[in-house]
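A.B. asks: Okay, handing you the structure first.
Protein chains: 2
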Amino acid sequence: MQRVKIAILGIGNVGTGVWKILTMNKEQVSARSGYDIEVAKVLVRDKKKKRNVEVPEEVLTDSFDDIINDDSIKIVVELMGGVDPAKNYMLKAIKSGKHVVTANKFALATCGKELAEAAEEFGVKLNYEASVAGGIPIIHGITESLTANKILNIVGIINGTTNYILTKMTLNGMEFEDALKEAQQKGYAEADPTSDVEGYDAMYKIGILSSLSFGGYIDVDSIYREGITSINSIDIEYAKEFGYVIKLLAIAKQNDGLVELRVHPAMIPATHPLANVNDSFNAIFIKGNAVGDLMLYGRGAGDLPTGSAVVGDIIAILKNGLDKNVERNTFASCPLRIKDMEDTRCEYYIRVTASDTPGTLGAISNVFGGNGVSLASVIQKGKGDVNVPLVFVTHETLEKNINKSIKEIKAMESVVSVDNLIRVENI
Amino acid sequence: MQRVKIAILGIGNVGTGVWKILTMNKEQVSARSGYDIEVAKVLVRDKKKKRNVEVPEEVLTDSFDDIINDDSIKIVVELMGGVDPAKNYMLKAIKSGKHVVTANKFALATCGKELAEAAEEFGVKLNYEASVAGGIPIIHGITESLTANKILNIVGIINGTTNYILTKMTLNGMEFEDALKEAQQKGYAEADPTSDVEGYDAMYKIGILSSLSFGGYIDVDSIYREGITSINSIDIEYAKEFGYVIKLLAIAKQNDGLVELRVHPAMIPATHPLANVNDSFNAIFIKGNAVGDLMLYGRGAGDLPTGSAVVGDIIAILKNGLDKNVERNTFASCPLRIKDMEDTRCEYYIRVTASDTPGTLGAISNVFGGNGVSLASVIQKGKGDVNVPLVFVTHETLEKNINKSIKEIKAMESVVSVDNLIRVENI
Numbered sequence: 001m002q003r004v005k006i007a008i009l010g011i012g013n014v015g016t017g018v019w020k021i022l023t024m025n026k027e028q029v030s031a032r033s034g035y036d037i038e039v040a041k042v043l044v045r046d047k048k049k050k051r052n053v054e055v056p057e058e059v060l061t062d063s064f065d066d067i068i069n070d071d072s073i074k075i076v077v078e079l080m081g082g083v084d085p086a087k088n089y090m091l092k093a094i095k096s097g098k099h100v101v102t103a104n105k106f107a108l109a110t111c112g113k114e115l116a117e118a119a120e121e122f123g124v125k126l127n128y129e130a131s132v133a134g135g136i137p138i139i140h141g142i143t144e145s146l147t148a149n150k151i152l153n154i155v156g157i158i159n160g161t162t163n164y165i166l167t168k169m170t171l172n173g174m175e176f177e178d179a180l181k182e183a184q185q186k187g188y189a190e191a192d193p194t195s196d197v198e199g200y201d202a203m204y205k206i207g208i209l210s211s212l213s214f215g216g217y218i219d220v221d222s223i224y225r226e227g228i229t230s231i232n233s234i235d236i237e238y239a240k241e242f243g244y245v246i247k248l249l250a251i252a253k254q255n256d257g258l259v260e261l262r263v264h265p266a267m268i269p270a271t272h273p274l275a276n277v278n279d280s281f282n283a284i285f286i287k288g289n290a291v292g293d294l295m296l297y298g299r300g301a302g303d304l305p306t307g308s309a310v311v312g313d314i315i316a317i318l319k320n321g322l323d324k325n326v327e328r329n330t331f332a333s334c335p336l337r338i339k340d341m342e343d344t345r346c347e348y349y350i351r352v353t354a355s356d357t358p359g360t361l362g363a364i365s366n367v368f369g370g371n372g373v374s375l376a377s378v379i380q381k382g383k384g385d386v387n388v389p390l391v392f393v394t395h396e397t398l399e400k401n402i403n404k405s406i407k408e409i410k411a412m413e414s415v416v417s418v419d420n421l422i423r424v425e426n427i
Numbered sequence: 428m429q430r431v432k433i434a435i436l437g438i439g440n441v442g443t444g445v446w447k448i449l450t451m452n453k454e455q456v457s458a459r460s461g462y463d464i465e466v467a468k469v470l471v472r473d474k475k476k477k478r479n480v481e482v483p484e485e486v487l488t489d490s491f492d493d494i495i496n497d498d499s500i501k502i503v504v505e506l507m508g509g510v511d512p513a514k515n516y517m518l519k520a521i522k523s524g525k526h527v528v529t530a531n532k533f534a535l536a537t538c539g540k541e542l543a544e545a546a547e548e549f550g551v552k553l554n555y556e557a558s559v560a561g562g563i564p565i566i567h568g569i570t571e572s573l574t575a576n577k578i579l580n581i582v583g584i585i586n587g588t589t590n591y592i593l594t595k596m597t598l599n600g601m602e603f604e605d606a607l608k609e610a611q612q613k614g615y616a617e618a619d620p621t622s623d624v625e626g627y628d629a630m631y632k633i634g635i636l637s638s639l640s641f642g643g644y645i646d647v648d649s650i651y652r653e654g655i656t657s658i659n660s661i662d663i664e665y666a667k668e669f670g671y672v673i674k675l676l677a678i679a680k681q682n683d684g685l686v687e688l689r690v691h692p693a694m695i696p697a698t699h700p701l702a703n704v705n706d707s708f709n710a711i712f713i714k715g716n717a718v719g720d721l722m723l724y725g726r727g728a729g730d731l732p733t734g735s736a737v738v739g740d741i742i743a744i745l746k747n748g749l750d751k752n753v754e755r756n757t758f759a760s761c762p763l764r765i766k767d768m769e770d771t772r773c774e775y776y777i778r779v780t781a782s783d784t785p786g787t788l789g790a791i792s793n794v795f796g797g798n799g800v801s802l803a804s805v806i807q808k809g810k811g812d813v814n815v816p817l818v819f820v821t822h823e824t825l826e827k828n829i830n831k832s833i834k835e836i837k838a839m840e841s842v843v844s845v846d847n848l849i850r851v852e853n854i
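Residue numbers (my numbering), protein chains in the order written: chain A, 1 to 427; chain B, 428 to 854.
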């Protein structure tokens with residue numbers, strides 16, 4: 001059997017998974033790739049650090065030059081994360097004619113165009129199945145399987161941490177802070193959970209999926225983003241009452257040349273397949289104009305599931321005999337035109353605290369009506385207290401009409417506070 | 428843009444879908460494949476027949492020779508179904524150096540080895556994403572995305588007709604015969620529904636998935652197969668009582684070099700993602716030793732969903748510039764060793780009608796015990812009648828122990844009949 005040398009940059013969680021898979025599934029990997037894979041170098045910051053897998057000392061290096069200058073290394077597997085220096089290392093590898101496999105959503109979402117163009121120019125492959133939803137083959141799905149479709153929309157639960165927290169809040173009645181603490185203890189959330197709970201992670205991922213689905217690049221910072229920190233057990237309870245479940249969704253829709261992109265918590269019908277995606281599982285619901293509804297469900301993180309995607313990408317390169325890349329670059333081409341968030345349409349759940357005086361409910365309803373917002377349900381509870389919670393669910397309307405209404409409602413004398421606004425997606 | 432000529436054999440349901448997609452998504456298909464696709468010939472039996480799509484007269488032909496002798500046709504898309512003459516047409520195309528795309532589960536399940544070996548020998552591609560589960564990219568998933576995994580098991584709902592019938596029986600309380608009639612009226616079931624309701628269709632499909640997942644070929648007739656005709660509304664009701672839903676499952680498991688293969692109705696937990704796969708939808712649950720649990724859900728039939736897979740396969744060939752096939756053949760290699768059904772393990776639901784005399788329940792329980800079968804639940808209803816239904820659910824046990832028990836129970840004087848036996852899969 002032919003041998004091939006590869007290098008791994010970084011051996012944290014995903015790198016460990018890749019190492020384990022190359023060891024435990026050696027036979028399968030060789031049979032399917034046609035190559036006996038040798039990990040010739042592993043780039044680390046500290047060669048002395050204790051690791052979960054036993055990497056031979058002579059394989060460890062703290063110098064990228066050892067890798068870039070070694071012509072016998074044909075594939076560079078970037079698993080460091082972050083843009084700097086990962087992006088430059090990938091560019092250098094590409095320019096040296098090495099194929100690149102990466103799990104780096106951050107680098108791809110922000111510099112995907114540059115990386116993909118370089119790969120095209122230098123005739124090497126840039127594979128990144130692991131960058132979105134771990135072991136779920138969504139990138140392959142879009143770029144290889146659904147190519148006959150015009151993709152109409154994508155609705156995904158693509159952040160495992162927030163899904164774990166929301167599942168605990170929904171099924172076990174926990175409050176956000178306690179669920180977050182448990183997620184941290186179990187290793188599902190970082191010590192600084194900002195990237196997950198504020199929706200940045202999901203934003204990068206939906207950015208990548210949009211580029212691939214709609215054939216253009218986007219500025220990820222232009223994606224509307226809202227995290228789950230404002231979700232309260234009260235909202236979870238109201239959602240249940242209405243037959244909904246709250247999930248952090250990443251949504252991309254294409255219509256009339258405009259792309260609608262948003263990441264935010266949303267109420268979805270409890271009967272929808274996405275509603276039963278629990279714990280740290282991920283799922284992506286995708287609608288194509290030929291295939292109709294399609295859902296991919298699986299583990300969006302973890303050493304082995306993510307490693308599965310990385311090693312699959314390595315095998316894909318080897319299967320074709322390390323050939324020159326002849327495929328056109330799906331990433332680059334033109335920028336996508338993004339729809340203004342104010343022009344998007346949705347149904348909305350709005351929770352208000354107001355004084356229990358006659359006419360308050362009517363006055364608030366009038367504000368909605370005056371702004372062209374029609375109400376689907378109203379709930380008023382806790383009669384007799386000085387202040388009572390009022391909950392409104394609207395029919396579909398424009399975001400700008402809601403924003404205007406909220407502003408006016410906040411200014412009302414009888415309104416103590418507008419406590420929450422959650423979009424309702426009747427997918 | 429470069430042009431390429433292709434031929435379609437048969438323009439029934441799927442062929443119509445392919446034609447529609449090539450028309451409505453012309454722009455996407457060209458951009459992604461790099462080719463302007465011309466359907467140069469469409470093989471039909473009767474050129475005069477009225478069709479759902481307008482195929483120009485000069486494109487229609489009733490002679491395969493017009494296609495095989497035309498060197499400008501680079502891809503043959505076989506959508507006739509059946510083995511004869513589809514298989515020979517595919518072999519001829521392969522031997523003339525034409526790439527082949529097919530949706531033919533029957534030909535692949537029974538002659539996949541021969542076709543794949545020929546494609547390998549003549550350096551052409553044989554793509555068949557559409558042969559299993561219509562628009563769901565399960566073939567791609569196994570052969571391209573999950574290559575880093577040892578596939579441990581596959582549990583699929585891969586026949587839309589039976590899933591439609593079972594959904595109607597479960598959610599609308601219909602009896603089998605009425606649900607079947609409705610399925611026929613809606614075009615989900617054939618006039619002769621045998622292939623679907625007796626599990627043949629699912630048997631071919633799981634045969635193909637097993638070959639690809641476990642790397643060998645199998646004799647599909649050796650797959651244990653049971654249809655859904657014996658499922659009764661009483662069983663559906665008992666399933667609900669136990670927290671289960673009845674689905675027609677296709678199961679493949681690999682263990683110690685032996686492959687367990689079976690198609691039969693089964694009770695699965697109502698909370699499992701597969702339990703909510705309703706109507707004519709398909710879903711495949713797959714467990715890999717790296718990726719863990721993965722589910723793919725979507726439309727398993729229909730002109731556009733299946734056409735989506737066919738056109739995706741055409742694009743995959745074109746994307747690589749109609750290159751010679753260099754990939755190794757996943758189909759052929761060695762035969763898979765199939766586990767004897769008697770040696771498989773399962774939990775079982777058994778419904779018996781027996782005379783309501785003292786000691787009957789105890790006597791039946793003793794038969795189970797004597798054959799090493801331990802009971803998980805027993806339900807006796809309708810006390811006071813001459814004959815009463817008795818329902819048993821066992822703990823996991825060997826199929827041969829159940830068969831022996833059933834034989835002995837049938838011979839008991841107090842037993843009127845053993846009415847049903849349904850496997851319980853606590854997936």
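Built from N, CA and C at the ideal position, the CB exists for glycine as well. Predicted model, so just to flag it, every value in this text is computed and none were measured.
Where in the region 243–293 of chain A do unbroken runs of the beta strand (DSSP E), each at least 3 residues long, occur, reported from the N-terminal end onward?
C.D. replies: Entirely contained in the region 243–293 of chain A, the beta strand (DSSP E) runs reaching 3 residues are, in chain order, 244–255, 258–269, 281–288.
A.B. asks: Could you check if THR594/B is buried or exposed, using at least 16 other CB atoms within 10 Å of its CB as the buried criterion?
C.D. replies: Looking up residue 594/B in the second sequence gives position 167. With 16 or more other Cβ atoms within 10 Å, it is buried.
A.B. asks: When we look at the beta-carbon of CYS538/B and count the other beta-carbons within 10 Å, is it buried (16 or more) or exposed?
C.D. replies: By 1-based counting over the second sequence, the position of residue 538/B is 111. Under this definition CYS538/B is a buried residue.
A.B. asks: Using a Cβ cut-off of 9 Å (strictly closer), state whether THR161/A contacts chain B.
C.D. replies: Indexing the first sequence from 1 puts residue 161/A at position 161. No, its Cβ sits nowhere closer than 9 Å to a Cβ of chain B.
A.B. asks: Given a cut-off of 9 Å on the beta-carbon distance, is the pair GLY160/A and TYR188/A in contact?
C.D. replies: Stepping through the first sequence from its first residue, residue 160/A is reached at position 160. Stepping through the first sequence from its first residue, residue 188/A is reached at position 188. Contact flag set, yes.
A.B. asks: Just to confirm, are ASN580/B and GLN429/B a CB contact at a threshold of 9 Å?
C.D. replies: Here residue 580/B refers to the residue found at position 153 when the second sequence is read from its first residue. Here residue 429/B refers to the residue found at position 2 when the second sequence is read from its first residue. Taking 9 Å as the Cβ cut-off, ASN580/B and GLN429/B do not qualify as a contacting pair.
A.B. asks: Does the CB of SER308/A have a neighbour CB from chain B at under 9 Å?
C.D. replies: If you number the first sequence from 1, residue 308/A lands on position 308. Yes, SER308/A lies at the interface with chain B (some Cβ there is under 9 Å from its Cβ).
A.B. asks: What are the partner residues of ILE765/B, as DSSP defines its beta bridges?
C.D. replies: Translated into the one-based positions of the second sequence, residue 765/B becomes position 338. Answer by DSSP bridge pairing, in chain order: VAL686/B.
A.B. asks: Could you tell me which whole alpha helix (DSSP H) segments of length 4 or greater appear in the region 52–105 of chain A?
C.D. replies: Listed in chain order, the complete alpha helix (DSSP H) runs (minimum 4 residues) inside the region 52–105 of chain A are 65–68, 86–95.
A.B. asks: Looking at C-beta atoms only, is the number of pairs between the region 265–283 of chain A and the region 293–310 of chain A that lie closer than 8 Å three or more?
C.D. replies: A contact exists between the region 265–283 of chain A and the region 293–310 of chain A.
A.B. asks: Interface residues of chain A around ASP812/B at Cβ under 9 Å?
C.D. replies: Position 385 of the second sequence holds residue 812/B. By Cβ distance, chain A contributes nothing, its closest Cβ being about 38 Å from ASP812/B, past 9 Å.
A.B. asks: Report the start-end ranges of each beta strand (DSSP E) in the region 536–596 of chain B that is 3 residues or longer and not cut off at the edges.
C.D. replies: Correct list: 578–584.
A.B. asks: So LEU436/B and LEU506/B are supposed to be a Cβ contact under 8 Å. How far apart are they, rounded?
C.D. replies: Taking the first residue of the second sequence as position 1, residue 436/B is located at position 9. Taking the first residue of the second sequence as position 1, residue 506/B is located at position 79. Between LEU506/B and LEU436/B the Cβ distance is about 6 Å, and since that is below 8 Å, they are a contact.
A.B. asks: Name the DSSP bridge partner or partners of PRO816/B?
C.D. replies: Here residue 816/B is taken as the residue at index 389 of the second sequence, counted from 1. Partner(s): THR780/B.
A.B. asks: Excluding sequence positions up to five away, which residues of its chain have a Cβ less than 6 Å from the Cβ of ASP36/A?
C.D. replies: Locating residue 36/A in the first sequence gives position 36, counting from the first residue. Result list for ASP36/A: MET1, ARG3, SER30, in chain order.
A.B. asks: Assuming contact is defined by CB atoms lying nearer than 9 Å, are VAL42/A and VAL59/A in contact in what I supplied?
C.D. replies: Here the question's residue 42/A lines up with position 42 in the first sequence. Here the question's residue 59/A lines up with position 59 in the first sequence. Taking 9 Å as the Cβ cut-off, VAL42/A and VAL59/A qualify as a contacting pair.
A.B. asks: Per DSSP, which residues does TYR644/B bridge with? Please list them.
C.D. replies: Counting from 1 along the second sequence, the entry for residue 644/B is found at position 217. Note: TYR644/B sits in a beta bridge opposite PRO762/B.
A.B. asks: Applying the 10 Å Cβ sphere with the 16-neighbour rule, what's the burial state of VAL386/A?
C.D. replies: The residue labelled residue 386/A in the question sits at position 386 within the first sequence. Under this definition VAL386/A is an exposed residue.
A.B. asks: Please work out which residues of its chain come closer than 8 Å, Cβ to Cβ, to VAL367/A, disregarding the five sequence neighbours upstream and downstream, and give them in chain order.
C.D. replies: Counted from its first residue, the first sequence places residue 367/A at position 367. So the qualifying residues of the chain are SER405, GLU408, ILE409, MET412.
A.B. asks: Going by the CB atoms, is the gap between HIS395/A and SER365/A shorter than 9 Å?
C.D. replies: As a first step, residue 365/A must be located in the first sequence, where it is residue number 365. As a first step, residue 395/A must be located in the first sequence, where it is residue number 395. Not closer than 9 Å, so no.
A.B. asks: Evaluate the contact criterion for the region 657–677 of chain B versus the region 561–578 of chain B: three or more CB pairs, one atom per stretch, below 8 Å.
C.D. replies: Touching, no.
A.B. asks: Could you tell me the distance, in whole angstroms, from the CA atom of ALA560/B to the CA atom of ASN590/B?
C.D. replies: Translated into the one-based positions of the second sequence, residue 560/B becomes position 133. Translated into the one-based positions of the second sequence, residue 590/B becomes position 163. Straight-line Cα distance between these residues: approximately 12 Å.
A.B. asks: Just curious, the beta strand (DSSP E) that TYR462/B is in, first and last residue?
C.D. replies: On the second sequence, residue 462/B is found 35 positions in, with the first residue counted as 1. Where TYR462/B is concerned, the enclosing beta strand (DSSP E) stretches over 462–470.
A.B. asks: Looking at C-beta atoms only, is the number of pairs between the region 730–743 of chain B and the region 546–559 of chain B that lie closer than 8 Å three or more?
C.D. replies: Verdict: yes, contact present.
A.B. asks: Say whether chain B places a C-beta atom closer than 9 Å to the C-beta of ARG45/A.
C.D. replies: The sequence position of residue 45/A within the first sequence is 45, counting from 1. So, not an interface residue.
A.B. asks: Just tell me which of ILE806/B, ASP730/B, ILE494/B has its CA closest to the CA of TYR665/B.
C.D. replies: As a working note, residue 665/B is residue 238 in the second sequence. Per the Cα distances, ILE806/B.
A.B. asks: Would you decide whether ASP473/B is buried or exposed? Buried here means 16 or more other CB atoms lie within 10 Å of its CB.
C.D. replies: The residue labelled residue 473/B in the question sits at position 46 within the second sequence. The residue in question, ASP473/B, is exposed, as its Cβ has fewer than 16 Cβ neighbours within 10 Å.
A.B. asks: Would you please state the rounded distance, in angstroms, between the beta carbons of ILE448/B and VAL738/B? I believe it to be under 8 Å.
C.D. replies: As a working note, residue 448/B is residue 21 in the second sequence. As a working note, residue 738/B is residue 311 in the second sequence. Sure, about 5 Å apart at Cβ, within 8 Å.
A.B. asks: Let me see if you follow: with CB-CB separation under 9 Å, is VAL29/A close to chain B or not?
C.D. replies: As a first step, residue 29/A is located in the first sequence; it is residue number 29 there, counting from the start. So, interface residue.
A.B. asks: Out of curiosity, what's the CA-to-CA distance linking ILE422/A and VAL76/A?
C.D. replies: In the first sequence, residue 422/A corresponds to position 422, counting from 1. In the first sequence, residue 76/A corresponds to position 76, counting from 1. Going by the C-alpha atoms only, they are around 43 Å apart.
A.B. asks: Considering only their Cβ atoms, is the gap separating ILE635/B from ALA736/B smaller than 9 Å?
C.D. replies: Against the second sequence, residue 736/B aligns to sequence position 309. Against the second sequence, residue 635/B aligns to sequence position 208. Cβ distance not < 9 Å, so ALA736/B and ILE635/B don't count as in contact.
A.B. asks: Nearest-angstrom Cα distance between VAL259/A and PRO193/A?
C.D. replies: Along the first sequence, one-based indexing puts residue 259/A at 259. Along the first sequence, one-based indexing puts residue 193/A at 193. Spanning the two alpha carbons is a distance of roughly 29 Å.
A.B. asks: Using only CA atoms, which one of PRO358/A, ILE228/A, GLY156/A, GLY227/A lies nearest to SER210/A?
C.D. replies: As a first step, residue 210/A is located in the first sequence; it is residue number 210 there, counting from the start. That would be GLY156/A, whose Cα lies nearest to the Cα of SER210/A.
A.B. asks: Is the distance from the Cβ of GLY796/B to the Cβ of VAL441/B below 9 Å?
C.D. replies: As a working mapping, residue 796/B is identified with position 369 in the second sequence. As a working mapping, residue 441/B is identified with position 14 in the second sequence. No, the Cβ-Cβ distance between GLY796/B and VAL441/B is not below 9 Å.
A.B. asks: Can you give the Cα-Cα distance for LEU361/A and ASN401/A, rounded to whole angstroms?
C.D. replies: Along the first sequence, read from residue 1 onward, the residue named residue 361/A stands at position 361. Along the first sequence, read from residue 1 onward, the residue named residue 401/A stands at position 401. C-alpha separation (whole angstroms): 19 Å.
A.B. asks: For chain B, check one thing: does any of its Cβ atoms lie closer than 9 Å to the Cβ of SER195/A?
C.D. replies: Taking the first sequence and counting its residues from 1, the one referred to as residue 195/A is at position 195. Taking Cβ atoms only, chain B never reaches closer than 9 Å to SER195/A, which makes this a no.
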